[in-house]
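In this note's numbering, the protein residues as written are 1 to 525.
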């Protein structure tokens, strides 16, 4: 009909084009759909950035502001928080070592660094024994208050650092606020987890490190040691590193110029776990040009497995280290020394090092606890036979040697007697006091000199129990091309009233004829 439009029937499929051919057109995404996807990715990226900034702020803020100074009993202490995986606490007591406590869980580690003793408060504790009990109770309160202040300070520091960092990164108030809030949640949650998992009983089961490994067994009267601790600690701070001052008095020393080919030997003994001894040994080895270090025993106190880690400093010396076992050293101690790349352990055996032929034997006793060990509790005939017998065994070994022995090593000077005439020099320790003497000469044989070293470790913790701290001592021996002793320097470090290292030089020492050597062992040390 005229005036009417031709209409195609609609089959109900809106996607079918008007041509009626039945094909479908591909549906194209609208611009709005693409922008939604990009928006989601952008939001995820922003969220991750906020989390990263918050975590960075927490770490930086904890390291930067997570520390406070406080008084704990007679000590001035520094409390420090640091991020960690397993939690726990460390109590540092320089220079004696540290206590490790399994005190709490969570990603925070507490370090309590005990500094100098307050002289006035320490004297008050010593003068009034009852005040020690009161101080132990107040110390708990001091720690609690200090930890509370530390927590608040850490939260404030992490929040401030995070806000500053987020402001620089985002330059957006909303995102900065989100980062600050997240940092607050992370820090507060970590501290809350630590607080909720505190284990007070961990104080009863600490793990000891350093010189404190055997503190519960050997400290003894804590009040007496506390009285000397401050003086001792101050001495160590001044003397270590001051070995270069040894030659400030060179004009007063006997004239001696080591000839070319001189062998320099450093004799140390009775370290007794004192880590300061290693610092001094390293300095002397470097400044005196030492060729070989000789250790006549008692590196440790109880010869226990945890103490074996103490010998790791031997490898740092980079010089041959010849060692014999003392009566405080176990077979595990000797085995740990033998594992060091530069160490040689002698036990009725001979070695040649730095051009010297050295023979040595370990102490036949193992008496870490002289109070309970029968072998160390008295100078019995059995003990005398053991110690002197060790010297006889070594003498037999030396006489069978195809080459002459230059130096023999024993721990107890009482073992030296049978060695007379077998070699020109015998080195020993054990007595914690220097002694130079000549062994009774055997007719028709060479003269033998005995040199007993003091304690290079200041007798360890035992050195704090007397009226004056035991000094650290060692000796530099100068042997000529014939491997004969020409001179030696006695080095003494520390001791109450001394402010620097002292050196006493001896040139070609000639001990008094007939000087006696003990024929029975000295008391166990």
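Each residue gets a CB set at the ideal place from its N, CA and C atoms; glycine is no exception.
Relative to residue 487, the option among 392, 266, 59 and 110 whose CA is nearest is 266. Just so you know, the alpha carbons of residue 156 and residue 191 end up roughly 13 Å apart.
By alpha-carbon distance to residue 363, the top candidate from 291, 334, 65 and 154 is 334. Here DSSP, grouped into helix, strand and coil, assigns residue 199 to coil.
Rounded to the nearest whole angstrom, the CA to CA distance from residue 182 to residue 58 is 9 Å. Using a Cβ distance threshold of 8 Å, residue 406 and residue 357 count as a contacting pair. Under DSSP, residue 502 shares a beta bridge with 492. In this structure, DSSP gives residue 276 a helical state, which the three-state scheme calls helix.
Just measuring C-alpha positions, the residue of 148, 413, 175 and 195 sitting nearest residue 54 is 175. In the assembly as shown, residue 402 is an exposed residue. Its beta-carbon has fewer than 16 other beta-carbons within 10 Å. According to the DSSP assignment, residue 81 belongs to the beta strand (DSSP E) that extends over 75-83. Close CB contacts of residue 338 within its chain, under the 6 Å cut and outside five residues either way in sequence, are with 345 (chain order). Separation of residue 392 and residue 261 (C-alpha to C-alpha, rounded to the nearest whole angstrom) is 33 Å.
Residues of the same chain with a CB within less than 8 Å of the CB of residue 342, apart from the 5 flanking positions on each side, are 314, 315, 317, 318, 319, 320 and 321 in chain order. The stretch 400-428 contains, as complete beta strand (DSSP E) runs of 3+ residues, the segments 407-409 and 425-428 (chain order). Within the model, the alpha-carbon separation for residue 154 versus residue 39 is close to 36 Å.
Counting along the chain, the unbroken beta strand (DSSP E) around residue 359 starts and ends at 356-360. Beta-carbon to beta-carbon, residue 327 and residue 366 are separated by about 6 Å, close enough to satisfy the 8 Å threshold. In the three-state reduction of the DSSP assignment, residue 438 falls in the strand class, which pools E and B.
With fewer than 16 other Cβ atoms from the protein chains shown falling within 10 Å of its own Cβ, residue 396 counts as exposed.
Put simply, the backbone Cα of residue 297 is about 34 Å away from that of residue 112. Under DSSP, the beta-bridge partners assigned to residue 478 are 264 and 487.
By the Cβ-count criterion, residue 490 is buried, with 16 or more other Cβ atoms from all chains shown falling within 10 Å of its own Cβ. Judged by beta-carbon spacing, residue 101 lies within the 8 Å limit of residue 89, meaning their Cβ atoms are closer than that value. The beta carbon of residue 310 sits closer than 6 Å to the beta carbons of 273 from its chain, once the five residues preceding and following it are set aside; these are given in chain order. Per the coordinates, the alpha-carbon of residue 415 lies some 21 Å from the alpha-carbon of residue 477.
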